[in-house]
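Report on one structure; see the data block that follows.
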Amino acid sequence: MIANAQMVETQIERFAALPLDCGSVLTPVDIAFETYGELNANRSNAILITHAFSGDAHAAGIHRVSGRPGWWDNMIGPGKAFDTDRYCVICSNILGGCAGTTGPSSIDPATGQPFAMTFPVITVPDIVRLQKMLIDRIGISRLLAVAGGSMGGMQALEWSVAYPEMVAAVIPIATTHRHSAQQIAFNEVGRQAIMADPDWDRGSYYLQRPPARGLAVARMVGHITYMSDSSMKEKFGRRLNGREALTREAAGFDFSAEFEVESYLRYRGSQFVDRFDANSYLYITKAMDYFDLSYGRGSLPAALERAEARFLLVSFSSDWLYPPYQSEEIVRALRSRNRDVAYCELSSQYGHDAFLLEVEEQTELVRGFLNSTYQRVTR
Amino acid sequence: MSTVREVLERRDYATIGNIIDPKSRVLDLGCGDGALLAWLKDNKDCDARGVEIDRALVQKAIARGASVYQGDMAQSLSDYPDSAFDYVILSQTLQQVANPVTILREMLRVGRRMVVGFPNFGHWAVRLSLLTTGHAPSTSLFPFKWYESPNIHVLTVLDFEALCAAEKWTVEHRIFLAGSSRVSAMPNLRAEVAVFVVRK
Numbered sequence: 460m461i462a463n464a465q466m467v468e469t470q471i472e473r474f475a476a477l478p479l480d481c482g483s484v485l486t487p488v489d490i491a492f493e494t495y496g497e498l499n500a501n502r503s504n505a506i507l508i509t510h511a512f513s514g515d516a517h518a519a520g521i522h523r524v525s526g527r528p529g530w531w532d533n534m535i536g537p538g539k540a541f542d543t544d545r546y547c548v549i550c551s552n553i554l555g556g557c558a559g560t561t562g563p564s565s566i567d568p569a570t571g572q573p574f575a576m577t578f579p580v581i582t583v584p585d586i587v588r589l590q591k592m593l594i595d596r597i598g599i600s601r602l603l604a605v606a607g608g609s610m611g612g613m614q615a616l617e618w619s620v621a622y623p624e625m626v627a628a629v630i631p632i633a634t635t636h637r638h639s640a641q642q643i644a645f646n647e648v649g650r651q652a653i654m655a656d657p658d659w660d661r662g663s664y665y666l667q668r669p670p671a672r673g674l675a676v677a678r679m680v681g682h683i684t685y686m687s688d689s690s691m692k693e694k695f696g697r698r699l700n701g702r703e704a705l706t707r708e709a710a711g712f713d714f715s716a717e718f719e720v721e722s723y724l725r726y727r728g729s730q731f732v733d734r735f736d737a738n739s740y741l742y743i744t745k746a747m748d749y750f751d752l753s754y755g756r757g758s759l760p761a762a763l764e765r766a767e768a769r770f771l772l773v774s775f776s777s778d779w780l781y782p783p784y785q786s787e788e789i790v791r792a793l794r795s796r797n798r799d800v801a802y803c804e805l806s807s808q809y810g811h812d813a814f815l816l817e818v819e820e821q822t823e824l825v826r827g828f829l830n831s832t833y834q835r836v837t838r
Numbered sequence: 347m348s349t350v351r352e353v354l355e356r357r358d359y360a361t362i363g364n365i366i367d368p369k370s371r372v373l374d375l376g377c378g379d380g381a382l383l384a385w386l387k388d389n390k391d392c393d394a395r396g397v398e399i400d401r402a403l404v405q406k407a408i409a410r411g412a413s414v415y416q417g418d419m420a421q422s423l424s425d426y427p428d429s430a431f432d433y434v435i436l437s438q439t440l441q442q443v444a445n446p447v448t449i450l451r452e453m454l455r456v457g458r459r460m461v462v463g464f465p466n467f468g469h470w471a472v473r474l475s476l477l478t479t480g481h482a483p484s485t486s487l488f489p490f491k492w493y494e495s496p497n498i499h500v501l502t503v504l505d506f507e508a509l510c511a512a513e514k515w516t517v518e519h520r521i522f523l524a525g526s527s528r529v530s531a532m533p534n535l536r537a538e539v540a541v542f543v544v545r546k
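Going down the list, the protein sequences come from chains A and B.
Counted the way my numbering counts, the first sequence spans residues 460 to 838.
Counted the way my numbering counts, the second sequence spans residues 347 to 546.
Right under this line is the structure:
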């Protein structure tokens with residue numbers, strides 16, 4: 460029975476139409492989601508978890524079909540940071556994704572074929588608009604919190620200004636209000652790696668071979684940016700696969716994966732191909748690059764002036780992909796509009812991956828912040 | 347954190363709490379682990395926020411539910427709009443900041459009132475220590491060797507009064523403490539700690 464309590468399954472909700480920023484309307488649109496914990500009587504204890512670039516709706520518990528734990532299972536569950544004994548936690552797969560929510564690999568009802576590159580270009584506000592439709596349908600008028608790391612943090616920020624009356628608190632972790640040139644550059648390398656693969660075939664590979672090599676290379680670049688120099692040094696150093704040192708007798712003097720870091724990246728790249736769609740990679744990274752919280756709202760402070768929520772921002776000292784200064788820009792803009800903000804730069808050597816790994820310290824912060832927010836909401 | 351602050355912050359709470367009106371908007375500069383913020387929220391229903399530079403203390407403060415952010419006091423103040431708070435508190439750190447007058451002016455821009463608490467360098471034990479030993483004073487209030495001390499701008503009650511007069515600030519309340527008891531006569535000689543409530 461205890462094991463069953465944590466077994467979860469993904470549900471799908473369908474909506475007739477979703478208008479997009481680009482002017483198109485998706486008809487219909489599906490959204491995949493999971494829930495953990497129970498809604499209370501006045502529905503004031505719901506927390507929406509927004510996932511990062513390659514995440515999915517399976518954030519916590521053990522999936523009934525795959526048997527796999529959720530991607531943030533160390534943070535969500537009974538007695539954990541997002542305590543499902545107290546709160547009802549919801550996580551949905553983002554629009555444009557490939558894990559149940561409508562995306563480029565979905566069938567276009569107009570043609571009966573996968574959308575592929577005919578899928579409209581989407582934005583973070585589009586992604587959040589669909590989440591809002593789901594929350595409306597569940598019957599929640601105000602979320603206790605929206606929380607997420609990396610691209611999930613962008614969604615949390617967008618929630619706070621797009622639907623201010625619907626969010627009591629937001630927890631953007633290791634994120635930014637807009638991508639820097641460096642962040643766009645890394646995403647572009649990933650996109651070009653996919654598009655340079657002949658198997659990509661302008662995106663219409665669904666009935667043939669997927670662009671596995673291009674997608675794997677894109678993921679390898681991604682993994683480098685998620686780690687830090689020191690975490691890679693610790694994890695791999697210059698260690699070799701199956702030998703002590705490079706000698707004339709033993710060394711291959713070829714381009715096989717001799718260093719551990721090479722085989723690790725190749726492994727992560729090929730593993731990613733099995734679970735992720737190359738066109739989703741293109742669309743979602745583009746949405747991240749387009750994201751600018753101030754867009755259409757004047758400036759960052761003007762955008763955040765709309766927010767009514769409390770904020771808890773967290774960054775990590777060794778995160779060079781989403782460096783602490785980007786979180787601090789948000790904190791300063793919030794201060795300039797006298798908004799309620801808590802912020803901490805946690806010490807970690809894990810780089811951007813820290814938001815998935817530094818459980819203990821994040822738990823302390825999130826638990827205290829949610830607790831005091833919940834007290835205010837229920838008072 | 348310095349011993350001075352550890353000892354004195356506790357002593358200040360009830361005092362500062364009695365000055366601050368319920369439901370006020372309060373900013374605590376150098377708020378440590380957020381104990382004063384939590385006290386203000388629980389007892390005065392204040393919208394209480396804090397700034398702290400020390401990462402470990404910020405973590406503790408957020409974990410207890412306080413809206414605290416990690417940052418530099420001067421930069422944080424400069425971000426805020428005018429009159430964002432009813433009170434801005436600087437408890438036992440005035441003597442440790444690089445530009446005390448700049449900080450105080452900013453406090454009165456951002457807050458309608460400021461509450462400033464500091465250890466009194468004019469206390470008789472300090473004077474006696476210097477007079478009798480000939481060394482930089484070492485007392486329970488100022489326990490540091492000169493080269494270890496975080497106190498870079500020590501001041502007396504008279505010094506603070508003079509600054510308020512020069513800046514044309516109005517002192518609304520003065521609270522002088524020695525141990526846990528109030529001091530009324532000869533505060534510059536007898537007070538260990540002074541707490542001033544000041545407005546423009």
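C-beta: ideal position from N, C-alpha, C; glycine also.
### Query
Taking DSSP as the reference, what is the three-state secondary structure of B/L354?
The sequence position of residue 354 of chain B within the second sequence is 8, counting from 1. At B/L354 the pLDDT is 47, less than 50, meaning the model places this residue with poor confidence and gives no usable figure here.
Among residues of its own chain, excluding the 5 on either side of A/Q667, which ones have a beta-carbon nearer than 8 Å to its beta-carbon? As a working mapping, residue 667 of chain A is identified with position 208 in the first sequence. Around A/Q667: D658, D660.
| request: With 9 Å as the threshold, decide whether the Cβ of A/T634 is near any Cβ in chain B. | output: Numbered from its first residue, the first sequence carries residue 634 of chain A at position 175. Contact of A/T634 with chain B is not assigned, every C-beta pair being separated by 9 Å or more.
| message | When you compare the region 647-657 of chain A with the region 606-619 of chain A, are there three or more beta-carbon pairs, one atom per stretch, that lie closer than 8 Å? | response | Judged by pairs of C-beta atoms under 8 Å, the region 647-657 of chain A does not touch the region 606-619 of chain A, as fewer than three such pairs exist.
Integer Cβ distance of B/D425 from A/R794, believed to fall under 8 Å: Translated into the one-based positions of the second sequence, residue 425 of chain B becomes position 79. Translated into the one-based positions of the first sequence, residue 794 of chain A becomes position 335. Contact annotation, B/D425 with A/R794: C-beta distance approximately 4 Å; criterion of less than 8 Å satisfied.
**Prompt:** Would you say A/Y809 reaches chain B, if we count a Cβ-Cβ gap shorter than 9 Å as a contact?
**Reply:** Taking the first residue of the first sequence as 1, we reach residue 809 of chain A at position 350. With 9 Å as the cut-off, A/Y809 does not count as an interface residue toward chain B.
Taking only three categories from DSSP, how would you classify A/M466? Position 7 of the first sequence, counting from 1, holds the residue named residue 466 of chain A. DSSP, reduced to helix, strand and coil, places A/M466 within a strand of the structure shown.
Open item on the list: Taking 9 Å as the threshold (C-beta atoms), are B/K546 and B/L454 in contact?
Closed with: Translated into positions along the second sequence, residue 454 of chain B becomes position 108. Translated into positions along the second sequence, residue 546 of chain B becomes position 200. Yes, Cβ-Cβ distance for B/L454 and B/K546 is below 9 Å.
(Q) So, at 8 Å on beta carbons, what are the nonlocal neighbours of A/L603 in its own chain, with the 5 sequence-adjacent residues on each side left out? (A) In the first sequence, the residue the question calls residue 603 of chain A occupies position 144. Contacts found: S503, N504, A505, I506, Y546, A627, A628, L829, T832, Y833, V836.
| Are the Cβ atoms of B/G396 and B/A407 separated by less than 9 Å? | As a working note, residue 396 of chain B is residue 50 in the second sequence. As a working note, residue 407 of chain B is residue 61 in the second sequence. Yes, these two residues count as a Cβ contact at 9 Å.
**Request:** Give every residue of the same chain whose Cβ lies closer than 6 Å to the Cβ of A/I632, excluding the five residues on either side of it in the sequence, and list them in chain order.
**Result:** The residue you call residue 632 of chain A lines up with position 173 of the first sequence. So the qualifying residues of the chain are G608, G612, V773, F814.
Practice problem: Report the residues of the region 789-822 of chain A with a CB closer than 7 Å to any CB of chain B, ordered along the chain. | Solution: Listed in chain order, the positions of the region 789-822 of chain A with a beta carbon within less than 7 Å of a beta carbon of chain B are V790, R791, R794, S795, N797, D799, V800, A801, Y802, C803, E804, S806, E820.
| request: Helix, strand or coil for B/Q416, going by three-state DSSP, please let me know. | output: Looking up residue 416 of chain B in the second sequence gives position 70. Strand.
request  = Locate the alpha helix (DSSP H) running through A/T494, then write down its first and last residues.
outcome  = Stepping through the first sequence from its first residue, residue 494 of chain A is reached at position 35. That residue, A/T494, is in no alpha helix (DSSP H); its beta strand (DSSP E) goes 488-495.
With distance defined between alpha-carbon atoms, name the residue in A/V484, A/A518, A/Q642, A/S565 nearest to A/L589. Taking the first sequence and counting its residues from 1, the one referred to as residue 589 of chain A is at position 130. Scanning A/V484, A/A518, A/Q642, A/S565 for the CA closest to the CA of A/L589 turns up A/V484.
Inset, instruction - Mind the definition here: the region 368-387 of chain B touches the region 520-538 of chain B only if three or more C-beta pairs lie below 8 Å; say whether that holds. - result: Under the three-pair Cβ rule at 8 Å, the region 368-387 of chain B does not count as touching the region 520-538 of chain B.
- Task: Look up A/Q642 in the DSSP assignment and say whether it is helix, strand or coil.
- Result: Indexing the first sequence from 1 puts residue 642 of chain A at position 183. Three-state DSSP puts A/Q642 in a helix.
query: Helix, strand or coil for A/R672 per DSSP?
result: Here the question's residue 672 of chain A lines up with position 213 in the first sequence. Here A/R672 sits in helix by DSSP.
Original post:
Taking one C-beta from the region 717-728 of chain A and one from the region 743-753 of chain A each time, how about it: are there three or more such pairs within less than 8 Å?
Top reply: Flag = no, the region 717-728 of chain A and the region 743-753 of chain A do not touch.
TODO: Determine, using beta carbons only, whether B/R401 comes closer than 9 Å to chain A.
DONE: As a working mapping, residue 401 of chain B is identified with position 55 in the second sequence. Judged by the 9 Å Cβ criterion, B/R401 is in contact with chain A.
Fill in: Reference A/I643; option with closest CA among A/Y781, A/A475, A/V488, A/F712
Working through the first sequence from its first residue, we reach residue 643 of chain A at position 184. It is A/Y781 whose Cα lies nearest to the Cα of A/I643.
Using 8 Å as the threshold, is the region 730-742 of chain A in touch with the region 751-766 of chain A, meaning 3 or more CB pairs across them? With contact defined as three or more Cβ pairs closer than 8 Å, the region 730-742 of chain A and the region 751-766 of chain A are not in contact.
- request: Count the C-beta pairs between the region 801-816 of chain A and the region 685-701 of chain A that are closer than 8 Å, then say yes if the count reaches three, no if not.
  value: Segments in contact, yes.
query: Given A/Q465, which residues of its chain have a CB within under 6 Å of its CB, disregarding the five upstream and five downstream residues?
result: Locating residue 465 of chain A in the first sequence gives position 6, where the first residue counts as 1. Here the set comprises G520, I521.
- Message: Does chain B have any CB closer than 9 Å to the CB of A/N830?
- Response: For this step, residue 830 of chain A is matched to residue 371 along the first sequence. It does: the Cβ of A/N830 has a partner Cβ on chain B nearer than 9 Å.
- [ ] Using a Cβ cut-off of 9 Å (strictly closer), state whether A/I461 contacts chain B.
- [x] Residue mapping note: residue 461 of chain A aligns to position 2 of the first sequence, counting from 1. Unreliable positioning characterises A/I461 in this predicted model, as indicated by a pLDDT of 45, which lies under 50. A coordinate reading is not provided.
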